[in-house]
Amino acid sequence: MKKAYVDPQKCDRSPFCPAKRVCPVGAITQERSGFFGGGVSKVDEEKCIGCGKCVNFCPAGAIRMK
Ligand code: SF4
1 MKKAYVDPQK CDRSPFCPAK RVCPVGAITQ ERSGFFGGGV SKVDEEKCIG CGKCVNFCPA
61 GAIRMK
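Quick note on UniProt numbering: the sequence shown kicks off at 1 and runs consecutively.
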């Protein structure tokens, strides 16, 4: 099964990461860094069910299925 992967070079670290919100299983998490800043988003491969929703919701185009 394919899993979502976040390219850390492309991730814009938005604290409002839409991909994180749309994931039905809560597989996307973000480390906080700084007061307003979010960190790079990460996909938990154990949780990801490969639905692909997050790919279209990432405004930075940082998520791919592989
Ligand atoms: S592919 Fe689906 S389950 Fe996997 S991280 Fe993206 S939204 Fe979540």
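Where a beta carbon is used, it is the ideal one built from N, C-alpha and C, also for glycine.
Contact under 9 Å by Cβ, residue i with residue j
i, j, result
"Y5", "V43", "yes"
Residue i: first and last residue of the uninterrupted beta strand (DSSP E) it sits in
i, result
"V43", "38–43"
"A4", "4–6"
"I63", "63–65"
Run of the alpha helix (DSSP H) containing residue i, from where it starts to where it stops
i, result
"A27", "Premise fails: A27 is in no alpha helix (DSSP H) and is neither H nor E."
"R21", "18–22"
"K53", "53–57"
For residue i, the residue or residues it bridges with in DSSP
i, result
"R13", "According to DSSP, which records beta bridges pairwise, R13 is partnered with nothing at all."
- prompt: With a cut-off of 8 Å, do at least 3 Cβ pairs link the stretch 9–19 to the stretch 44–51?
  reply: Result no; under three Cβ-Cβ pairs closer than 8 Å.
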